[in-house]
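Heads up: the sequence shown at position 365 corresponds to 365 in the numbering used here, and the numbers run straight through without jumps.
Idealized CB from N, CA, C, for every residue including glycine.
The next block holds one structure in the form of structure tokens; read it before the comments.
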Amino acid sequence: MSDRKNAGEGWRFPLPAGVAVVLTALLRFSLYEPVAWPEAAYFFLLPLLLLPVQGLTVRRTLSLGWASGFLFWASSLIWLRHVTLLGTLLLAAVLSLFFAAWYLAYVRVQRRGLPGLTAALLLAALWVVLEWVRGWILWGFPWNPLSVSQASRPAVLAVASVTGGWGLSFLLVWTNLALAGTIRGWAQARPPRRFLALHRAGPYQVLLPVGILLGSAVWTVAAFPGSRAAREGDPVRVGFVQPYSTMLRDGGSPNANLADLWATTRAVAAAGPDLLLWPESATPYPVVGEERMRVAIERLVEEVDRPLLMGNLAFPPGEDYYENAVFLVEPERGLHPRWYAKRELVPFGEFLPFRDWIPFLEKAVAIGEDARPGDGPLLLPFPVPGEGEIGPLVCYEDVFPALARSNVRAGADWLFVATNNVWYGEEAGAPQHAAHAVLRAVETRRPVLRSGIAGWSGWIDEWGVARAVTDAEGSIYFRGGEVLPVRRDPRFAGVLTPYVRYGDWFVGACGLLLLGGLLRLRLAGRRAGEATAPRE
Numbered sequence: 001m002s003d004r005k006n007a008g009e010g011w012r013f014p015l016p017a018g019v020a021v022v023l024t025a026l027l028r029f030s031l032y033e034p035v036a037w038p039e040a041a042y043f044f045l046l047p048l049l050l051l052p053v054q055g056l057t058v059r060r061t062l063s064l065g066w067a068s069g070f071l072f073w074a075s076s077l078i079w080l081r082h083v084t085l086l087g088t089l090l091l092a093a094v095l096s097l098f099f100a101a102w103y104l105a106y107v108r109v110q111r112r113g114l115p116g117l118t119a120a121l122l123l124a125a126l127w128v129v130l131e132w133v134r135g136w137i138l139w140g141f142p143w144n145p146l147s148v149s150q151a152s153r154p155a156v157l158a159v160a161s162v163t164g165g166w167g168l169s170f171l172l173v174w175t176n177l178a179l180a181g182t183i184r185g186w187a188q189a190r191p192p193r194r195f196l197a198l199h200r201a202g203p204y205q206v207l208l209p210v211g212i213l214l215g216s217a218v219w220t221v222a223a224f225p226g227s228r229a230a231r232e233g234d235p236v237r238v239g240f241v242q243p244y245s246t247m248l249r250d251g252g253s254p255n256a257n258l259a260d261l262w263a264t265t266r267a268v269a270a271a272g273p274d275l276l277l278w279p280e281s282a283t284p285y286p287v288v289g290e291e292r293m294r295v296a297i298e299r300l301v302e303e304v305d306r307p308l309l310m311g312n313l314a315f316p317p318g319e320d321y322y323e324n325a326v327f328l329v330e331p332e333r334g335l336h337p338r339w340y341a342k343r344e345l346v347p348f349g350e351f352l353p354f355r356d357w358i359p360f361l362e363k364a365v366a367i368g369e370d371a372r373p374g375d376g377p378l379l380l381p382f383p384v385p386g387e388g389e390i391g392p393l394v395c396y397e398d399v400f401p402a403l404a405r406s407n408v409r410a411g412a413d414w415l416f417v418a419t420n421n422v423w424y425g426e427e428a429g430a431p432q433h434a435a436h437a438v439l440r441a442v443e444t445r446r447p448v449l450r451s452g453i454a455g456w457s458g459w460i461d462e463w464g465v466a467r468a469v470t471d472a473e474g475s476i477y478f479r480g481g482e483v484l485p486v487r488r489d490p491r492f493a494g495v496l497t498p499y500v501r502y503g504d505w506f507v508g509a510c511g512l513l514l515l516g517g518l519l520r521l522r523l524a525g526r527r528a529g530e531a532t533a534p535r536e
């Protein structure tokens, strides 16, 4: 088959390019909250993948990819408008560049006429590398990678314990490409041969990635009932306190905020939990640097006679910085002398980039002093005998796989996320955020406790199952709390998953695959040039 035939000659997709752009964006949007249709991940790229590529210029290809990416990001991140509408649109515009680059690579590969399996593997690898780059370039925003779309389908998540979420993204993109290749091959065949074309292409292209996902599902379903041992013995009773204070966002009385927090904490403590949880920025004053606040919290803990794990701020005396942190307060012992400081800070929220180089930014973005990032993972003792140690994460740190991994490598038996999502209204921001914690639980095989100031509060087990979510009248957005029984699966006690041991090795493998593909294309181009060169 010639390169032109592989590039789609004779193939006509019925949808115009603009409709394909919008349809791909809508399908991609449907993968995440508020729609959460994870099955669409297996075919969401098809409208753009099935467009004929022979008439696409580089400029038009980039425009189509960028437009589809922008529609997706602007709609899925619309909850950010509560903080900044302009910033939301600018962020969507930047994130869309990654999809534009991927779609350009797809068109180039199609025109080269690479074999279907080779093309699919290279393009799936490129998707993974681009997702990884998005996690660190410009301070990193690895929000809503493709793997997170499967957070409500724990049966297919097991591969993440080996490859990280990257492997799941790889398999989903591969499935999309395989389906597109199968449909294109079927449509290009003459009618009498179409069934034969589909018969040949189907097992070869589609069943391989789908088979891996099905294997993951079968293993999970077979192994999950073995958690019987995890159900033996008494669970740990954890009290989730959700103050739903909008003071930081809308202003208000600090004293009223504290009164509500104290009353909610007392009500939850009355149910007899082993541990109380407060979210990020739980009190209007810092626990370190404001002596009265520390004393008040310690007195409350003494009164309810329950240990408290909380998100709060530290303003070390004499320093020109603060730390967004997680603290442990215990009856009789008071505030634990060590605390975990957030490592991944929010640009323009917790620190001002280029403050020393661009002085006028201080007038445009008034954030005061910068936060100081933590030096590394710091574990806190789980204040229940025999339950090991807790690896804390603050704010949106659970969207960064490497941070949860480093906590477990340091010895964490649990992961705890203290977050404040009250800035973003009662929309899709909180459930989108919580879906990332599902991947962290599977990657590390550690249960995740999450405490949000307005919601999502609850816990996720080592299999990626959201075992319980605090809600009131069907909504996660409320003031109140609940005591939930939580357990660890003893089969994973002290066990380090391949992902925890070896990190982003799968991303490196994808990079090597891309490098090998580029070298192959370069050699093929040279041979083609030599074959067509005039002979003297």
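inquiry  = I'd like to confirm the pairing. Which residues does DSSP put opposite P392 in its beta bridges?
reply    = F416
Check your understanding: Does the pairing of the region 116-134 with the region 504-515 give three or more beta-carbon distances under 8 angstroms?
Key -> yes
Per DSSP, what are the beta-bridge partners of G452 in this structure? T419
inquiry  = Relative to the C-alpha of V465, which candidate in P52, A151, L313 and S30 has its C-alpha closest?
reply    = A151
- prompt: At which residues does the alpha helix (DSSP H) containing R59 begin and terminate?
  reply: V58 to S76
Here's a check: name, in chain order, each residue in its chain whose Cβ is nearer than 8 angstroms to the Cβ of P235, leaving out the five neighbours to either side. P485, V486 and R487
Query raised in the report: Who are G458's beta bridge partners in DSSP?
Result: R450 and V469
inquiry  = Using C-beta distances below 7 angstroms, list every residue in its chain close to L46, excluding the 5 sequence neighbours before and after it, in chain order.
reply    = N176, L179 and A180
query = Who are the near neighbours of R81 in its chain, counting only those whose CB is closer than 7 angstroms to its CB and skipping five residues on each side?
reply = The answer, listed in chain order, is T88.
Practice problem: Give me the Cβ distance between L97 and V109, rounded to the nearest whole Å; I'm assuming they're in contact under 8 angstroms. | Solution: Not quite, the Cβ-Cβ distance comes to about 19 angstroms (not below 8 angstroms), so this is no contact.
Margin query: Suppose the cutoff is 7 angstroms on Cβ atoms and the five residues either side in sequence are ignored; what does the same chain contact list for G289 look like?
Written below: A314, F315, P316 and P317
- In the DSSP assignment, what are the bridge partners of G481? Per DSSP, V241.
From G140 to R333, what does the alpha carbon distance come to, in whole angstroms? Each residue's alpha carbon lies about 38 angstroms from the other.
> If you check the beta carbons only, do L23 and L31 fall under 8 angstroms apart?
Replying inline: The Cβ atoms of L23 and L31 lie no closer than 8 angstroms to each other.
query: Do you know how far the Cα of A271 is from the Cα of L48?
result: In a straight line, the C-alpha of L48 is about 54 angstroms away from that of A271.
ask   = What number of angstroms, rounded off, separates the C-alpha of V238 from the C-alpha of I460?
value = Those two C-alpha atoms are separated by around 13 angstroms.
Requested in this report: Give a yes or no on whether the C-beta atoms belonging to L171 and I212 are separated by under 8 angstroms.
Outcome: yes
State the Cα-Cα distance for the pair A263 and N407, rounded to the nearest angstrom. 33 angstroms
Can the beta-carbon of V99 be found less than 8 angstroms from the beta-carbon of L50? Here residue 99 is Phe; the residue named in the question, Val, does not match the sequence. Not a contact, by the Cβ cut-off of 8 angstroms.
**Asked** From the DSSP output, which residues share a beta bridge with S475?
**Response** A472
Any contact between the region 411-428 and the region 439-451? By contact I mean 3 or more CB pairs, one from each, below 8 angstroms. yes
### Message
Pull the bridge partners of N312 from the DSSP assignment, please.
### Response
DSSP lists A325 as the bridge partner or partners of N312.
Closest to P331 by CA distance: which of D274, R479, L515 and L403 is it? D274
Q) From V83, A36, Y106 and I78, pick the residue whose C-alpha is nearest to that of L64; which is it? A) Among V83, A36, Y106 and I78, the Cα nearest to that of L64 belongs to Y106.
Identify whether V287 lies in helix, strand or coil by the three-state DSSP scheme. coil
Inset, instruction - Indicate the three-state DSSP secondary structure (helix, strand or coil) for G8 in the structure shown. - result: Any reading at G8 is ruled out, since the residue's pLDDT is 47, under 50, leaving its predicted position unreliable.
Exercise. Kindly indicate the opening and closing residues of the alpha helix (DSSP H) around L130.
Key: G116 to R134
*Helix or strand or just coil, what does DSSP make of Y340?*
strand
### Task
Answer with buried or exposed for A410, where buried requires no fewer than 16 other C-beta atoms within 10 angstroms of its C-beta.
exposed
Tell me, to the nearest whole angstrom, how far the beta carbon of A93 is from that of Q242; I am working on the premise that it is less than 8 angstroms. With a Cβ gap of about 34 angstroms, A93 and Q242 do not count as contacting.
Check whether the region 425-442 and the region 156-167 touch, using three or more Cβ-Cβ pairs below 8 angstroms as the test. yes
Using a Cβ-Cβ cutoff of less than 6 angstroms, which residues in the same chain neighbour Y285 once the five nearest sequence positions on both sides are dropped?
Cβ within range, chain order: M293.
- Message: Going by C-alpha to C-alpha distance, which of F224, L496, S161 and L393 sits closest to P377?
- Response: The shortest Cα separation from P377 among F224, L496, S161 and L393 belongs to L393.
Hey, would you say F240 sits closer than 8 angstroms to G458, going by beta carbons?
yes
task: Mind checking who F351 pairs with in its DSSP beta bridge?
output: P347
What number of angstroms, rounded off, separates the C-alpha of E323 from the C-alpha of P385? If I take the Cα positions, the gap works out to 29 angstroms.
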